[in-house]
Amino acid sequence: MMADGLLLETLLEDPVFSAFVFYSVMILTKMVLVQSWTTVIRFQYRVPALPEDYQKPSKDPDAKPKTGYSDLEGRYQENVQRVRRLHLNDMENIPVFVILSFFYVLTRPSLTVAVWHFRFYLVGRVLHSIVYLLALQPHRTIFYILAHIPFVSILLQLIYFVLNL
Amino acid sequence: MMADGLLLETLLEDPVFSAFVFYSVMILTKMVLVQSWTTVIRFQYRVPALPEDYQKPSKDPDAKPKTGYSDLEGRYQENVQRVRRLHLNDMENIPVFVILSFFYVLTRPSLTVAVWHFRFYLVGRVLHSIVYLLALQPHRTIFYILAHIPFVSILLQLIYFVLNL
Amino acid sequence: MMADGLLLETLLEDPVFSAFVFYSVMILTKMVLVQSWTTVIRFQYRVPALPEDYQKPSKDPDAKPKTGYSDLEGRYQENVQRVRRLHLNDMENIPVFVILSFFYVLTRPSLTVAVWHFRFYLVGRVLHSIVYLLALQPHRTIFYILAHIPFVSILLQLIYFVLNL
Chain Z
1 MMADGLLLET LLEDPVFSAF VFYSVMILTK MVLVQSWTTV IRFQYRVPAL
51 PEDYQKPSKD PDAKPKTGYS DLEGRYQENV QRVRRLHLND MENIPVFVIL
101 SFFYVLTRPS LTVAVWHFRF YLVGRVLHSI VYLLALQPHR TIFYILAHIP
151 FVSILLQLIY FVLNL
Chain G
1001 MMADGLLLET LLEDPVFSAF VFYSVMILTK MVLVQSWTTV IRFQYRVPAL
1051 PEDYQKPSKD PDAKPKTGYS DLEGRYQENV QRVRRLHLND MENIPVFVIL
1101 SFFYVLTRPS LTVAVWHFRF YLVGRVLHSI VYLLALQPHR TIFYILAHIP
1151 FVSILLQLIY FVLNL
Chain D
2001 MMADGLLLET LLEDPVFSAF VFYSVMILTK MVLVQSWTTV IRFQYRVPAL
2051 PEDYQKPSKD PDAKPKTGYS DLEGRYQENV QRVRRLHLND MENIPVFVIL
2101 SFFYVLTRPS LTVAVWHFRF YLVGRVLHSI VYLLALQPHR TIFYILAHIP
2151 FVSILLQLIY FVLNL
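Protein chains in written order, with our numbering: chain Z, 1 to 165; chain G, 1001 to 1165; chain D, 2001 to 2165.
Spelled out as structure tokens, the structure:
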């Protein structure tokens, strides 16, 4: 009989599984940073998530809000929408990629091949996030595709694998 | 060679892994309850998800809908929006927390420390959901932060762990 | 001491775990197909995700856009909204089902029972997706419920299991 915890430690002795854990934590950290950035942008442009978050105006009639949004509402909305949509885009892609990567590790890929898949995805998504926020095209599409190649590659390998299971 | 299933049973012999399974099922159950509540609210306020769900009005001209929304549309919309946004908030946070917790178990934390992380998160999110639906501030922010502390703590420990992997 | 990778290979020797991997890859593939379909529909109806994606009109004054949306904006919007909502519905349900299924495998269900749970869910969700896009009611509700039965069954079994852990 195994001692407690020995099993889980054995998992990390597998280099492909270790690489999976490393890159998954990295990409999820990137996702959490985008989520935190949404909160920062919300405060900066005073666009609360819910009605009860609206603060009452200052009693001093001469006081101006740090960032008013009377005449610039459209632009503020766009800024908030942009980071929210990036986060939604992350939610659509990253958790599914992490789950598929876990299954991919079970197919026993070579370490080099697996690491390159994870690395391309991480780099592609990080660059995609940056140019998404900067509204740069066609860069956004290019980096989206860069991240999409390992995603589709892993999915196709998995379909082939499970059909032969 | 191991008998089938022995391996998976061994996983649950690990007390930290068992705690992870327990608290993950609990928090996901909470999330599913919020999702079910969205459906209840949709029926109650007759706000269907898609156009084909609108029911034809009753043939009896004196019949009134149980819950009309001609003159109260704004309030109904807000009620439906509130529970939908809570569910979206859950989707943004809970699956990522469960995946990160799985990696966290691999870092071999002590049982006590791990359980307190999971417990704070569960209690924080449950209270957050309740005050979210009741539109109570600053309680919502307080409970959000309560759940966010173990989330960030686990993430930071994981980053430290994988950088030393 | 185990050789690298032996552990992960042992996981797939468990027939219930294998079935879990097979059906999870299948349902996630369906989800990715819906996501790809959203992109196709976006291009077809020229409803870009972000402002910078709008293409400038052709210089040739007689050229007509392949699919204009001046007079049919409402209908196009609806088509794009429909597939986006289906994808959102997938995101709300499928990743949570896959995570819960993983925990369900740990409860050591019989192979037959587990496979029927996974099979009903997969068939229910695939049919749900088709009739969702075709706007067919009450079929959509029927297939949603068909997929919801194994979902709820797995959740209830898990709650019972972890309360006795």
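Beta carbons: idealized from backbone N, C-alpha and C, even for Gly.
Beta carbon of residue i nearer than 8 Å to that of residue j
i	j	result
Y132 of chain Z	R119 of chain Z	no
L129 of chain Z	L163 of chain Z	The displayed chain sequence assigns Ser, not Leu, to residue 129 of chain Z. No, the Cβ-Cβ distance between S129 of chain Z and L163 of chain Z is not below 8 Å.
I99 of chain Z	V2098 of chain D	yes
L2007 of chain D	D14 of chain Z	yes
L2165 of chain D	T1029 of chain G	no
Interface flag, residue i vs chain G, CB-CB below 8 Å
i	result
F22 of chain Z	yes
Q81 of chain Z	no
V32 of chain Z	yes
F2043 of chain D	no
L146 of chain Z	no
L2158 of chain D	yes
Same chain only: Cβ atoms within 7 Å of residue i, ignoring 5 sequence neighbours per side
i	result
V1951 of chain D	An answer regarding residue 1951 of chain D cannot be provided, because it is not within the stretch 2001 to 2165 covered by chain D.
L11 of chain Z	F17
F103 of chain Z	L158
I2149 of chain D	F2120
V2080 of chain D	I2041, R2042, Y2045, V2047
D1071 of chain G	Caution applies to D1071 of chain G, whose pLDDT of 41 falls short of 50 and renders its modelled position unreliable; the model cannot decide the point.
Separation of residue j from residue i, as counted between CA atoms
i	j	result
F1017 of chain G	V2105 of chain D	14 Å
F1043 of chain G	T2038 of chain D	28 Å
Y1045 of chain G	T1107 of chain G	47 Å
E2078 of chain D	A2135 of chain D	11 Å
V1152 of chain G	F22 of chain Z	17 Å
M26 of chain Z	S1101 of chain G	14 Å
V40 of chain Z	Q1035 of chain G	27 Å
Q146 of chain Z	V123 of chain Z	The amino acid at residue 146 of chain Z is misidentified as Gln; the sequence shows Leu. Their Cα atoms are separated by approximately 8 Å.
I1094 of chain G	E2092 of chain D	11 Å
Q1137 of chain G	R2082 of chain D	35 Å
Y160 of chain Z	M2031 of chain D	17 Å
E1009 of chain G	I142 of chain Z	45 Å
L1033 of chain G	Y2144 of chain D	17 Å
H117 of chain Z	D90 of chain Z	18 Å
P2109 of chain D	S1024 of chain G	19 Å
R125 of chain Z	R2125 of chain D	29 Å
Neighbour flag for residue i against chain D, beta carbons, 8 Å
i	result
D90 of chain Z	no
P1029 of chain G	Before going on, a small fix: residue 1029 of chain G reads as Thr here, not Pro. So, interface residue.
P1138 of chain G	no
S1018 of chain G	yes
P1095 of chain G	yes
V1025 of chain G	yes
I149 of chain Z	no
I154 of chain Z	no
L1008 of chain G	yes
V162 of chain Z	yes
Own chain partners of residue i with C-beta closer than 8 Å, once the 5 adjacent residues on each side are dropped
i	result
V1113 of chain G	none
R2084 of chain D	T2038
L1111 of chain G	P1015, V1016, A1019
Test: residue i CB closer than 8 Å to a CB of chain Z
i	result
V2040 of chain D	no
L1165 of chain G	yes
R1108 of chain G	yes
F1143 of chain G	no
L2012 of chain D	yes
I1130 of chain G	no
V1105 of chain G	yes
Any chain C beta carbon closer than 8 Å to residue i
i	result
V98 of chain Z	Of the protein chains in the structure, Z, G and D, none is chain C.
Sequence-distant residues of the same chain with beta carbon closer than 6 Å to residue i, five excluded per side
i	result
L88 of chain Z	none
Mind checking the region 1110-1124 of chain G against chain Z and listing, in chain order, the residues whose C-beta falls within less than 8 Å of any C-beta there?
none
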